[in-house]
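Protein chains in written order, with the numbering used here: chain A, 9 to 206; chain B, 4 to 494. Heads up, the beta-carbon is just placed ideally off N, CA and C, and yes, glycines get one too. Since this is a predicted model, take the numbers as computed values, not measurements. What follows is one structure encoded as structure tokens, with my remarks underneath.
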């Protein structure tokens, strides 16, 4: 069972739809015991960092998430919240992976919206079977300027920014795999396999 | 971003001053022209030349050497130092110098600055803002101009200045690390900002690029080889691999996809979920469904269909049509739509856009604009193109961005259903006016039309209907064609 964390930050349904298409059972939940007992956790998200962190604090999930030991996948805002801090709302985040979230400079259209090419610079079970240079769907105004040693993939929007990070059991992607056609489906499938749900 | 090597000239030689102090001089070369040629060869795309004697005396002193450089190297140069009269400015701008850098003149002679901007254009005038202890410094750094950073920004805006060169004098030539915050103030105020003073490492340069600087001026670091121009310029050159999107649009009435001409005379095309799956499997980047329901029953059916589509496809989709409230938006997002497109309601109750962006986030709020040409401009229409307003379409788009719209869908009523090409002129004006993604809609009847709109405007996506529904052009084959025309697409 995959737990999809529900913290009132959008698109949990899209992630569940994608898992349904893979035939993987999932539950959308904010219940700490269900999250702890799941074999893999997906942390999706869209919206603002400040509001999302408040919601996590209200439910105690801000303490739980950094301690999880099963495979964990942050998506979009769910990736950004793994940072130490975010420029968005100047908020302290979960501090799972070193680095900060920064806004794309104003000379670029924001949000970055659409399909961008992701180049992998490290091996990771999360991206097994996906060629470097495939397109994934992005929708973000901020990016996670993570410490280089945790960056497994980048995309270019004015400059290279981290698109995939990995540290121990924590994986995170800036794009939306649930909306990224076949490469996205493969990535979610890999995550379910890492979580032993497939 | 540009990595801009500095060539400071004193007594005809290439020198560096320590913190602007004329008594602390290091001479690097007796031949500034050779130095300039070397920088160009190493990959610099812009050179920064300062007449130090001129800056101190208040009129150009090394003009001849500088013009020699400007006319003998292959890259553009910007020149500063002692340019305080119309005559000295013109002498440079009409003799091969790309841009001049003004400083003292700004504080002392506003009329001159205004005249130069008006005559030569804002892209050829740079104002050097030298800040010492929080104050605008003048006269080759030996006096203070008595303006704070905030006052300087206001003054530069008033003078229609676009390019600034920001130096924290206390950092210059000291290799002690730059003042990022100071530069950021100017970037955030909307200037094309070059940073100078203490830029000495590759990580500093990369940091300025991430902050949105236009360039960094490097001095001592390149002369003393602590930074390599070639690799620094390569590291910060603009890279963008975001693809242009193709979006098949499906007009839905009840349970059927339909297509009409000029919003009337509808024809049935097929089942929404089947078509959605077909398009997502054949290379569409995104889909748009417009609900053209005429009854409440049809509207309910539409929401059920949104749920079915969300379960079936693995690419994003937008739904629109008839949205008038936050509750409408909530229902469609909950049904599984990624974005909602709001039309007439954005015109009639613009507050809805502000509320929706605050509630659901700008990322899912698309404003759909129906524009029709009227004389030299375009006006906004509402209610499916049936009713004109007196609102200018371009101004409307800017207002929508300000209210929090995350994307604009621009329909041209003159082109809708005509297959006569997109309204390039309108799309150009709108993409120049806003800084959010723009989707071109209406008129895309042939692959050439799509190539034209991507090549001739800065739109991010193009919407098509009949080309996909009737002409049987697959999104994937249209993309192959676009790729052959050097349009970046996802294949």
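Residue burial classification, residue i (beta-carbon count within 10 angstroms, cutoff 16)
i	result
residue 15 (chain A)	buried
residue 308 (chain B)	buried
residue 366 (chain B)	buried
residue 96 (chain B)	buried
residue 330 (chain B)	exposed
residue 65 (chain A)	exposed
residue 217 (chain B)	buried
residue 410 (chain B)	buried
residue 45 (chain A)	exposed
residue 182 (chain B)	buried
residue 206 (chain B)	exposed
residue 237 (chain B)	exposed
residue 30 (chain B)	exposed
residue 19 (chain A)	buried
residue 153 (chain B)	exposed
residue 151 (chain A)	buried
residue 247 (chain B)	buried
residue 379 (chain B)	exposed
residue 54 (chain B)	buried
residue 176 (chain B)	Confidence at residue 176 (chain B) is low in this model, with a pLDDT of 49, below 50, so the placement of that residue should be treated as unreliable; the coordinate-derived value is given next. The residue is buried, with at least 16 neighbouring Cβ atoms inside 10 Å.
residue 241 (chain B)	exposed
residue 44 (chain B)	exposed
residue 120 (chain A)	buried
residue 398 (chain B)	exposed
residue 130 (chain A)	exposed
Residue i versus residue j - alpha carbon distance
i	j	result
residue 311 (chain B)	residue 276 (chain B)	7 Å
residue 109 (chain A)	residue 57 (chain A)	10 Å
residue 300 (chain B)	residue 191 (chain B)	50 Å
residue 156 (chain A)	residue 125 (chain A)	19 Å
residue 468 (chain B)	residue 258 (chain B)	17 Å
residue 377 (chain B)	residue 252 (chain B)	26 Å
residue 196 (chain B)	residue 427 (chain B)	31 Å
residue 474 (chain B)	residue 421 (chain B)	14 Å
residue 282 (chain B)	residue 472 (chain B)	10 Å
residue 272 (chain B)	residue 254 (chain B)	9 Å
residue 2 (chain B)	residue 285 (chain B)	What the structure shows of chain B is the stretch from 4 to 494, and residue 2 (chain B) is not part of that stretch, so it cannot be assessed.
residue 76 (chain A)	residue 171 (chain A)	22 Å
residue 47 (chain A)	residue 315 (chain B)	26 Å
residue 203 (chain A)	residue 171 (chain B)	53 Å
residue 371 (chain B)	residue 344 (chain B)	6 Å
residue 144 (chain B)	residue 135 (chain B)	In this prediction, residue 144 (chain B) has a pLDDT of 45, which is less than 50 and means its spatial position is unreliable; nothing more can be read from the coordinates.
residue 339 (chain B)	residue 313 (chain B)	5 Å
residue 151 (chain B)	residue 159 (chain B)	12 Å
residue 393 (chain B)	residue 77 (chain B)	51 Å
residue 61 (chain B)	residue 491 (chain B)	50 Å
Beta-bridge pairing of residue i - partner residues as DSSP gives them
i	result
residue 331 (chain B)	DSSP, once it has assigned bridges, lists no residue as partnering residue 331 (chain B).
residue 365 (chain B)	For residue 365 (chain B), which the question treats as bridged, DSSP gives no partner whatsoever.
residue 20 (chain B)	B:28
residue 273 (chain B)	B:260
residue 449 (chain B)	Note: residue 449 (chain B) sits in no beta bridge, so no partner.
residue 377 (chain B)	B:380
residue 464 (chain B)	B:248 and B:442
residue 173 (chain A)	A:159 and A:180
residue 323 (chain B)	B:293 and B:344
residue 203 (chain A)	The partner list for residue 203 (chain A) (beta bridge, DSSP) is empty, contrary to what the question assumes.
residue 23 (chain A)	None; residue 23 (chain A) has no bridge partner.
residue 81 (chain A)	A:50 and A:179
residue 371 (chain B)	B:412
residue 197 (chain B)	B:168 and B:218
Near the ligand MG: residue i beta-carbon under 6 Å from a heavy atom
i	result
residue 94 (chain A)	This structure does not include the ligand MG; it has no bound ligands of any sort.
Worksheet item: What runs of the alpha helix (DSSP H), each 4 residues or longer, lie entirely inside the region 380-424 of chain B?
Response: List check, alpha helix (DSSP H) in window: 396-406.
Discussion item. To test your reading of the DSSP string, which unbroken beta strand (DSSP E) runs of 3 or more residues are found completely within the region 67-136 of chain B?
Written reply: Correct list: 80-83, 102-105 and 128-135.
Item to complete: Examine the Cβ distances between the region 402-409 of chain B and the region 432-445 of chain B and report whether three or more of them are shorter than 8 Å.
Response: Output reads yes: the region 432-445 of chain B touches the region 402-409 of chain B.
Worksheet entry | beta strand (DSSP E) runs contained entirely in the region 88-154 of chain A, provided each spans 3 or more residues | 107-111, 120-128, 142-148 and 150-154
Worksheet entry | Runs of beta strand (DSSP E) wholly within the region 150-191 of chain B (minimum 3 residues, chain order) | 166-171
Fill in: Contact the region 339-355 of chain B vs the region 31-39 of chain A: 3+ CB pairs below 8 Å
With a cut-off of 8 Å, the region 31-39 of chain A and the region 339-355 of chain B do not count as touching, because too few Cβ pairs lie within range.
Discussion item. I'd like the ranges of any alpha helix (DSSP H) spanning at least 4 consecutive residues and lying wholly in the region 29-63 of chain A.
Written reply: 40-45
Worksheet item: Can you find at least 3 beta carbon pairs, one from the region 63-78 of chain B and one from the region 32-40 of chain B, that sit closer than 8 Å?
Response: yes
Worksheet item: Are at least three pairs of beta-carbons, each pair with one atom in the region 140-152 of chain A and one in the region 176-192 of chain A, less than 8 Å apart?
Response: yes
Worksheet item: With a cut-off of 8 Å, do at least 3 Cβ pairs link the region 111-131 of chain B to the region 152-171 of chain B?
Response: yes
Practice prompt. Could you tell me whether the region 126-141 of chain A touches the region 158-169 of chain A, where touching means 3 or more Cβ pairs closer than 8 Å?
Written response: yes
Discussion item. Give the list of continuous alpha helix (DSSP H) stretches no shorter than 4 residues that lie fully inside the region 207-251 of chain B.
Written reply: 223-226 and 232-239
Worksheet item: Any contact of the region 357-376 of chain B with the region 11-29 of chain B, i.e. 3+ C-beta pairs under 8 Å?
Response: no
Worksheet item: So does the region 221-230 of chain B actually touch the region 89-107 of chain A, counting three or more Cβ pairs closer than 8 Å?
Response: The region 221-230 of chain B, when compared against the region 89-107 of chain A, does not touch it at the 8 Å Cβ threshold.
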